[in-house]
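Okay, so the sequence shown: first residue is -11 according to our numbering, each after it adds one.
Think of the CB as a built atom: it goes at the ideal place given N, C-alpha and C, for glycine as much as any other residue.
This structure is a prediction, so every number in the text was calculated from the model and none was measured.
Step one of this worksheet: look at the structure below.
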Amino acid sequence: MTAYAGYAIEPFEREPGLWRAVVRRAEAAAATSASADLDAFTTSADAPSRDDAIRLAQAAIDAGLAC
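This is the structure we're talking about:
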């Protein structure tokens, strides 16, 4: 698990050589009513490595796409 900007990023290997990441709020209490239905999301693009999957998740967080 990697912590980043108040989120927990958990990379996983979907298939050999295809990595994605699950992004969750670090504190469940931080959820607003607008985002309460979304506890977590999984990056939609496959990455070639664990580190690349983490970078994709960080980019989603930075773009404001996180829950």
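{"Query": "Measuring alpha carbon to alpha carbon, tell me which residue in Ala41, Leu6, Pro4 and Ile(-3) is nearest arginine 12.", "Result": "Ile(-3)"}
{"Query": "Are the beta-carbon atoms belonging to threonine -10 and arginine 8 less than 8 Å from one another?", "Result": "no"}
{"Query": "Would you mind working out which of Ala45, Gly(-6), Ala(-7) and Asp34 sits nearest leucine 6, comparing C-alpha positions?", "Result": "Asp34"}
{"Query": "Within the continuous alpha helix (DSSP H) that includes leucine 6, where are the two ends?", "Result": "Here leucine 6 belongs to no alpha helix (DSSP H); instead the beta strand (DSSP E) covers 6 to 13."}
{"Query": "My output table needs one value for alanine 47: the three-state DSSP class, helix, strand or coil.", "Result": "helix"}
{"Query": "Helix, strand or coil: how does DSSP classify alanine 35 here?", "Result": "strand"}
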